[in-house]
Amino acid sequence: MYVMHQKIAVIDERTVMLGSLNVLSQHDTREVMLTMRGSHFARKLLEHEHAEVFARPPKCGRCKGSEIEIRRYKQRNWIWRCYATACKTTAKGSSNAWTQDIRLPGSR
Ligand SMILES: [Zn+2]
Numbered sequence: 030m031y032v033m034h035q036k037i038a039v040i041d042e043r044t045v046m047l048g049s050l051n052v053l054s055q056h057d058t059r060e061v062m063l064t065m066r067g068s069h070f071a072r073k074l075l076e077h078e079h080a081e082v083f084a085r086p087p088k089c090g091r092c093k094g095s096e097i098e099i100r101r102y103k104q105r106n107w108i109w110r111c112y113a114t115a116c117k118t119t120a121k122g123s124s125n126a127w128t129q130d131i132r133l134p135g136s137r
């Protein structure tokens, strides 16, 4: 994902590793990683992070490639975005990447 300050890894739907900047550290670059075990917590977290949806990116609608990343604009809408350089050069302008809104279950 693009622009994410927190790091989350869920292993086997049981073990959760959460990372972020360590606010107690005197060093700016120091980070901390916590490990928690528990399938209930792991499942709830995956649900909250839309893991099921985000784990299945579509093919690019333009180049049919699978170089798809996730971005979030205006703190609201998640979108799929093709980052293949060959795909972008076929369009007018280099910033004209293929995007598609991500439909999340339960979103209004
Ligand atoms: Zn593409």
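The sequence shown begins at 30 in the working numbering and counts up one residue at a time.
Where is the CB? At the ideal position from N, CA and C, for every residue including glycine.
Worksheet item: Excluding five sequence neighbours on each side, which residues of the same chain lie with their C-beta closer than 6 Å to the C-beta of T64?
Response: Position 35 of the sequence shown, counted from the first residue, corresponds to residue 64. Take T64, set aside five residues on each side of it, and the residues of its chain with a beta-carbon closer than 6 Å to its own are M46, in chain order.
Discussion item. Just to confirm, is the Cβ distance from E96 to A113 under 8 Å?
Written reply: Walking along the sequence shown from the start, residue 96 turns up at place 67. Walking along the sequence shown from the start, residue 113 turns up at place 84. A contact, by the Cβ cut-off of 8 Å.
Worksheet item: From D130 to W109, what does the alpha carbon distance come to, in whole angstroms?
Response: In the sequence shown, residue 130 corresponds to position 101, counting from 1. In the sequence shown, residue 109 corresponds to position 80, counting from 1. Roughly 6 Å between the two C-alpha positions.
Worksheet entry | Pick from G94, K73 and V61 that is closest to K117, judged by C-alpha positions | As a first step, residue 117 is located in the sequence shown; it is residue number 88 there, counting from the start. The residue with the shortest Cα to Cα distance from K117 is G94.
Worksheet item: Mind listing, in chain order, the residues whose beta carbon lies closer than 6 Å to a non-hydrogen atom of ligand 1?
Response: C89, R91, C92, G94, C111, A113, C116 and W127
Discussion item. Judging by CA-CA distance, which residue of Q35, T128 and V39 is the nearest neighbour of L75?
Written reply: As a working mapping, residue 75 is identified with position 46 in the sequence shown. Comparing alpha carbon positions, the residue from Q35, T128 and V39 closest to L75 is V39.
Worksheet entry | Coil, strand or helix - L74 by DSSP | Along the sequence shown, read from residue 1 onward, the residue named residue 74 stands at position 45. In this structure, L74 counts as helix in the three-state DSSP scheme.
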